[in-house]
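To keep things clear, I will list the structure first and then write my remarks on it.
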Amino acid sequence: MNKTNAMMALFTFDDDMDKECINLCNAINKIDGLITNESCCGHEEGNFRIWFTVKNLKSLPTLLYYCDPCHVGFRWNCVVTTDCAMSPVNFRIESESIGERAHKEADTIAKEIINFLEKEK
0 MNKTNAMMAL FTFDDDMDKE CINLCNAINK IDGLITNESC CGHEEGNFRI WFTVKNLKSL
60 PTLLYYCDPC HVGFRWNCVV TTDCAMSPVN FRIESESIGE RAHKEADTIA KEIINFLEKE
120 K
């Protein structure tokens, strides 16, 4: 197992999780202050989405940098939401693409985050 794969294998998820989401959720969870709480690969019909909470806003640029076309060649958007009860905000990154293309983009974002975090050590 190479260093990148070892970094990405740190978190465990239940069997109901879309396997296409695991690498990106692992990478996001490695960013201090970000914690994933839901995900969906889009199932070939919708956008790929990862929901997460932010404990430290200073950590957010590490993720958003790799969602920008200047750095990865495609765009993923970040949305901040609450609910009808004004619950604490929840963040979501979402692909503009669908299907296999979105899955490849998610893997690219994950690898770039892990590579960045390794260099920061």
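The numbering of the sequence shown is numbering that gives the first Met the number 0, which starts it at 0 and goes up by one.
Here a beta-carbon is modelled for each residue, glycine too, at the ideal position from N, C-alpha and C.
Item: Quick one: complete beta strand (DSSP E) runs, 3+ long, within the segment 48–99?; Value: 75–80 and 89–97
Item: Do residue 37 and residue 102 count as a contact pair if the criterion is CB distance below 8 Å?; Value: no
Item: To the nearest angstrom, report how far apart residue 27 and residue 120 are at their CA atoms.; Value: 16 Å
Item: Give me whichever residues DSSP pairs with residue 34 in a beta bridge.; Value: 52
Item: Around the C-beta of residue 22, are 16 or more other C-beta atoms found within 10 angstroms, so that it is buried, or is it exposed?; Value: buried
Item: Comparing C-alpha positions only, which one of 34, 40, 29 and 30 sits nearest to residue 15?; Value: 40
Item: Strictly by DSSP, which residues pair up with residue 46?; Value: 97
Item: Taking the alpha-carbon positions, what's the residue 111 to residue 65 distance?; Value: 7 Å
Item: DSSP state of residue 40, grouped into three classes?; Value: coil
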